[in-house]
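Scroll down for the structure; my scribbles are underneath it.
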Amino acid sequence: MSSAPIKAKYLSDGDTKKDGGYNKTIFETLKFAYSPFFTRIILCLILGITGRGLLLANTNVIGYWVDTIVGKENILSGLSSAQLITLLAVMAVTGFVLTMTFRVSFSRLSAQAISSFYDEVTLRTSRLPMSFFDNTPAGRIITRFSSDYGNVFRLFGGPLAEFISIIFDLTMMIILITVANPVYLIFVVFIALMNYLIYKLNQEKLRTARRELSASRSPSIAHFAETTQGASTIRSFRRQQSFSERFERLDSHFLTQKMDTTKSLLSFSLQMNSLTALLLLVTGVSAYFMVEKGWATVGSVGVAFAFIALSGNTVQMFFEWLTQFEEAMIGVERLDQYMRMNIEQGSLLPSTATFATGHPTYSPSVEKYLSTRRLTEERNASVQVQDVWFRYREDLPWVLKGVNFDVKAGERLGIVGRTGSGKSSLIQALFYLYPIDKGQIAINTHQPKLTAATNGVDLNLYRKSMAFISQEPILFQGTLRFNLDIEGTLTEEKLLSVLAQVGLREWVLAQPGGLDMRIEERGKNLSLGERQLLCMARCLLQQAPIVIMDEATSSVDPQSEEIMVRATEEFFSDRTQIIIAHRLSTLAKCDRILWLQNGEIKALGPTSEVLPRFKNTELV
Ligand SMILES: Nc1ncnc2c1ncn2[C@@H]1O[C@H](COP(=O)(O)OP(=O)(O)OP(=O)(O)O)[C@@H](O)[C@H]1O
Ligand SMILES: [Mg+2]
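According to the UniProt record's numbering, the sequence shown is numbered sequentially starting from 1.
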């Protein structure tokens with residue numbers, strides 16, 4: 001394994017790691033999650049503590065029994081041996097049944113509460129601004145939703161009930177020891193203090209170690225994912241060696257963290273074990289003197305001794321669970337952080353979101369109304385772009401600098417410009433995928449409503465009026481049918497007829513499974529041209545008044561290009577079209593051409609004027 005130093009930025013998952021305490025908001029979040037089950041949870045807890053109490057109180061009954069045998073009067077002195085045995089049996093069985101009921105019901109409710117938390121995090125994360133996804137490596141997001149969430153669910157969905165049982169046990173032990181003889185309260189306080197001290201000494205170290213551990217996992221996962229995705233590039237550049245070395249370094253960092261965490265845990269456990277042994281010795285010796293002096297009965301000493309012996313084990317279990325609990329809480333904290341980020345401007349959460357995180361949310365009636373609405377019932381729409389200044393982040397240079405133009409309803413506008421001139425960025429701006437710093441864009445003069453204070457139409461409704469084929473054709477893992485018709489509302493005939501229009505019908509029918517053929521992740525089992533044609537088909541099916549194509553035909557052969565151009569002519573003939581293309585032949589039939597240069601409009605006019613000028617200037 002290589003031991004070269006690694007740059008810090010690869011090691012952390014980019015979070016600012018806090019030392020010590022949690023964010024206060026996570027308690028609020030847990031309250032949101034559990035509040036729908038509040039009464040049932042309280043009922044469960046009452047059952048649970050009663051159950052544990054009944055089971056442990058057997059020790060006290062036996063203590064009284066012993067005292068009766070040695071001639072000391074007490075509340076149970078009147079009972080016969082048979083009655084006592086029956087009492088013990090009834091307490092044990094009832095205690096067991098109540099404990100089991102508590103565990104099963106509590107775990108069920110808790111699992112529901114935590115999965116509602118997960119849903120709420122997903123609802124918000126999917127609406128975070130594009131800049132979040134630009135700046136956050138996918139591996140980091142995946143870690144939150146897999147390993148961090150796993151830690152949370154694993155504990156809350158089951159062992160949390162066990163953890164609470166242990167707390168019940170400790171509480172009941174204190175109560176029952178006091179009932180047996182209040183003098184032992186001094187012991188209890190002393191034992192509690194000693195345990196707490198040892199825990200405090202270790203807590204900081206354990207918590208930090210666990211945080212480091214969970215943060216050191218995602219860089220190696222991210223690197224691994226990147227490597228598998230870029231496998232062919234890495235091989236062709238023969239860089240396997242350096243990639244695997246970097247993975248080894250990241251992974252060995254993770255393993256070192258893991259070993260450190262285990263070491264801290266082991267040392268903690270050893271300290272606790274030694275403490276229990278010591279306490280038992282002290283209790284044993286002092287009990288002897290207490291009986292001798294007549295301060296305690298034999299029965300009560302028995303009770304105290306039993307509980308103190310038991311408590312050593314229980315306290316240790318408590319702290320073991322506590323560290324697991326803390327790990328789960330770190331998971332909650334990490335997901336909570338995503339849940340509380342600002343979502344994209346203009347986006348609203350669906351009405352099913354219930355956690356009060358201050359994000360704007362649709363009311364059910366508005367949501368229902370919008371689901372059936374379109375921005376326009378016409379077959380096309382106009383676009384107004386007014387003095388738009390656009391950049392991807394505040395610290396990056398302007399990509400569009402005061403762009404100003406209109407597209408008339410039903411017009412076909414071609415966009416040309418050198419690589420990097422801002423063509424695709426203009427489309428990002430049209431969709432309001434990034435905040436527009438200055439200027440505005442409207443469809444049929446409707447701007448999207450971006451803040452509570454401004455007027456405008458719903459952002460989703462606004463976006464729905466544009467169908468888009470991106471420069472990188474995106475397909476999803478699943479069937480071909482799913483990729484064409486994500487909502488699953490269209491008939492087989494409709495799908496096949498559209499496939500025929502892009503010239504893929506015969507090809508699809510020849511595939512195993514036909515329309516149900518499998519598409520792999522990002523469509524990697526298809527050629528780039530095939531992917532473009534399928535995206536075109538998907539776009540044809542959307543029936544939006546504005547159709548935007550960014551290099552939609554760049555990777556298909558001339559015949560396919562002709563089919564696509566003809567299909568767009570036929571199908572989108574009365575729609576508004578915005579077409580970006582490097583191959584100028586594709587743009588021949590446009591009404592007007594917009595020429596972008598360094599984020600500014602160099603020319604805008606009839607195709608017959610602008611296209612030759614562009615050809616003569618830029619392509620010489
Ligand atoms: N997500 C992004 N974050 C930051 N900068 C970006 C991002 N996408 C593009 N850019 C920058 O914006 C500028 C314009 O890029 P854009 O993709 O709009 O060019 P383009 O005209 O579509 O080029 P091409 O013809 O190669 O597709 C480039 O300088 C690019 O580096
Ligand atoms: Mg582009």
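Each residue gets a CB set at the ideal place from its N, CA and C atoms; glycine is no exception.
Quick caveat, the model's predicted, so the values are computed rather than measured.
Going by Cα to Cα distance, which pick from the options is closest to residue i?
i	options	result
Arg-124	Lys-438, Ser-347, Asp-437, Glu-618	Ser-347
Ala-537	Thr-136, Glu-570, Leu-281	Glu-570
Arg-140	Gly-157, Ile-221, Phe-96	Ile-221
Leu-483	Arg-531, Arg-583, Ser-214	Per the sequence shown, the amino acid found at residue 483 is Asn instead of Leu. Minimum Cα distance to Asn-483 is reached at Arg-531.
Tyr-288	Gly-157, His-223, Phe-305	Phe-305
Leu-30	Gly-78, Asp-169, Ser-81, Ile-114	Ile-114
Ser-264	Ser-242, Ser-236, Ile-198	Ile-198
Arg-379	Tyr-362, Asp-406, Ile-415, Ala-467	Ala-467
Leu-515	Thr-297, Asp-485, Leu-540, Leu-528	Asp-485
Ile-436	Leu-54, Arg-613, Leu-450, Phe-247	Leu-450
Tyr-432	Ile-62, Ser-555, Val-457, Val-66	Val-457
Leu-206	Thr-352, Gln-501, Phe-325, Asn-444	Phe-325
Ile-75	Ala-429, Ala-552, Tyr-64	Tyr-64
Pro-397	Ser-421, Ala-453, Asp-148	Ser-421
Leu-278	Val-565, Arg-235, Phe-187	Phe-187
Trp-295	Tyr-184, Ser-242, Arg-418	Tyr-184
Pro-364	Pro-350, Thr-376, Ile-69	Pro-350
Gly-283	Thr-261, Leu-54, Gln-271, Leu-310	Gly is not the amino acid found at residue 283; the sequence shown has Thr there. It is Leu-310 whose Cα lies nearest to the Cα of Thr-283.
Arg-40	Leu-176, Val-70, Arg-103, Ile-175	Arg-103
Gly-158	Ile-191, Ala-111, Ser-147, Asp-119	Ala-111
Leu-459	Lys-293, Asn-181, Gly-599, Ile-343	Ile-343
On the CB-based measure, 16 or more other CB atoms within 10 Å of its CB, does residue i come out buried or exposed?
i	result
Thr-586	buried
Val-399	buried
Pro-558	exposed
Ala-89	exposed
Ala-4	A caution first: Ala-4 carries a pLDDT of 40, below 50, which makes its placement in the model unreliable, though a value can still be read off. By the neighbour-count rule (16 or more Cβ atoms within 10 Å), Ala-4 is not buried but exposed.
Glu-561	buried
Gly-312	buried
Trp-595	buried
Gly-14	At Gly-14 the pLDDT is 47, less than 50, meaning the model places this residue with poor confidence; the figure from the coordinates comes in the next sentence. So Gly-14 counts as exposed.
Lys-200	exposed
Arg-231	Looking at the sequence provided, one finds Ala at residue 231 rather than Arg. Per the 10 Å Cβ criterion, exposed.
Val-610	buried
Ile-308	buried
Met-259	exposed
Gln-447	buried
Pro-512	exposed
Gly-605	exposed
Thr-568	buried
Lys-17	Residue placement at Lys-17 is poorly supported in this model, since its pLDDT is 46, which falls under 50; the coordinates are not used for a value here.
Met-1	Unreliable placement is indicated for Met-1, whose pLDDT of 36 sits below 50; no coordinate value is reported for it.
Glu-327	buried
Asp-251	buried
Ala-215	buried
Gly-358	exposed
Would you say the beta carbon of residue i is closer than 7 Å to some non-hydrogen atom of ligand 1?
i	result
Gln-471	yes
Tyr-392	yes
Asp-395	no
Lys-423	yes
Thr-352	no
Thr-419	yes
For residue i, verify whether its CB is less than 7 Å away from any heavy atom of ligand 2.
i	result
Lys-449	no
Lys-401	no
Asp-134	no
Asp-550	yes
Sorry if obvious, but does the Cβ on residue i come closer than 7 Å to a heavy atom of ligand 3?
i	result
Asp-437	With respect to ligand 3, the structure offers nothing, as its ligand set consists of ligand 1 and ligand 2.
Subject >> Unbroken stretches of the alpha helix (DSSP H), 4 residues or longer, contained in the stretch 214-290 >> reply: 231-236
Subject >> Any alpha helix (DSSP H) of 4 or more consecutive residues that is wholly inside the stretch 308-381 >> reply: 364-371
**OP:** Kindly provide the ranges of any beta strand (DSSP E) runs that are 3 or more residues long and lie completely inside the stretch 414-482, ordered along the chain.
**Re:** 438-443, 466-469
Original post:
Which runs of the alpha helix (DSSP H) spanning at least 4 residues fall entirely within the stretch 559-618, listed in chain order?
Top reply: 607-618
**OP:** Entirely within the stretch 495-563 and at least 4 residues each: give me those alpha helix (DSSP H) ranges in chain order.
**Re:** 505-510, 528-542
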